[in-house]
Amino acid sequence: MSIEDIVKDYERLLKQESSISKSNAKDEKVITKTLKVGEWFRIDREVIEENIDEIYRQCEEMKTAGKKLKKRFVESNKIADQDPDKYSQIMEVLVFEHDKELMIYEDNMREMCEEIGDGMCDEVICDLELQMRICNGEKVSDLLRKKDKLPRVRIIQLRDGGTGYFGGGAGNPDENFAPADLFKTYYDVEYEHDVCVPYAFRRVISEH
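The opening residue of the sequence shown carries number 913 in this note's numbering; numbering runs sequentially from there.
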């Protein structure tokens, strides 16, 4: 190979490396450690496991409400351990932005979540999200008592196929939901939502 060809190959490799670096940097910008509308939030189950004693300790401090939340966490973690194909070690979740001009059928919401990721979040992923937020510095007391800062209640697909309403509501003065609030009901394919938003997840290949 001539010197000229070697130089050309070297320049090509530099361009590829630069392109990959820029792409990775771009991806990192949209992965946050604070749950925000329109940005992917990362859940690392290994980090949750490392902090599980502290998570449960904070739950126990909150008496009855905290013990109920701890029970949710224990059950959800067990389910996640038994189904690693769905609940991968690293996942990311996304709260959709609200479009006040649209009335969206719930089946359309589920389709939107499949298009952007691996589907709509369920109650297990919601509990993993809450635990990750505790790992990131939020307090169990705030998750149980303070009004959620997210403007809209999130729609989730329960493991049994039903519908869940999770947290949110800061954008509506008549609502006062805490981040950990979860209401379960049946799935109505013909029900239109003009206030709530979809909540999606995607699996991420482990980086460890």
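Ideal Cβ placement from N, Cα and C applies to all residues, glycine included.
Take the Cβ of residue i as the centre, count every other Cβ of all protein chains shown within 10 Å, and call the residue buried at 16 or more, exposed below.
i	result
residue 1123	Absent from the model: residue 1123. The displayed extent of the chain is 913 to 1120, so no value can be given.
residue 1014	exposed
residue 1022	buried
residue 985	buried
residue 967	buried
residue 953	buried
residue 1075	buried
residue 969	exposed
residue 1100	exposed
residue 1078	buried
residue 1011	exposed
residue 956	buried
residue 950	exposed
residue 989	buried
residue 1073	exposed
residue 1069	buried
residue 994	exposed
Which residues mark the beginning and the end of the beta strand (DSSP E) in which residue i is found?
i	result
residue 1097	1094–1097
residue 1111	1109–1116
residue 1103	Premise fails: residue 1103 is in no beta strand (DSSP E) and is neither H nor E.
residue 1076	1075–1078
My output table needs one value for residue i: the three-state DSSP class, helix, strand or coil.
i	result
residue 1086	coil
residue 941	Low confidence applies to residue 941: its pLDDT is 42, below 50, so where it sits in the model is not reliable, and the reading given next is rough at best. Three-state DSSP puts residue 941 in a helix.
residue 1009	coil
residue 997	coil
residue 1036	helix
residue 951	coil
residue 978	helix
residue 1024	helix
residue 1044	helix
Check the C-beta distance from residue i over to residue j and give it rounded, since I have them as a contact under 8 Å.
i	j	result
residue 972	residue 982	7 Å
residue 1107	residue 1064	6 Å
residue 1048	residue 945	5 Å
residue 1102	residue 1071	Not quite, the Cβ-Cβ distance comes to about 22 Å (not below 8 Å), so this is no contact.
residue 1113	residue 1004	7 Å
residue 1008	residue 1032	Not confirmed; about 10 Å, so no contact.
residue 1040	residue 992	6 Å
residue 1104	residue 1016	7 Å
residue 978	residue 1006	The pair is not a contact, with the Cβ atoms about 28 Å apart (cut-off 8 Å).
Tell me which residue opens and which closes the alpha helix (DSSP H) that residue i is part of.
i	result
residue 1054	1052–1057
residue 957	957–962
residue 1066	That residue, residue 1066, is in no alpha helix (DSSP H); its beta strand (DSSP E) goes 1066–1069.
Using a Cβ-Cβ cut-off of 8 Å, state whether residue i counts as contacting chain C.
i	result
residue 1115	Any reference to chain C falls outside this structure, which holds one protein chain only.
- For the region 998–1006 and the region 1045–1065, state whether three or more C-beta atom pairs, one from each stretch, are separated by less than 8 Å. no
- Task: Kindly confirm or deny that the region 1058–1070 and the region 1084–1096 touch, where touching means at least three C-beta pairs closer than 8 Å.
- Result: yes
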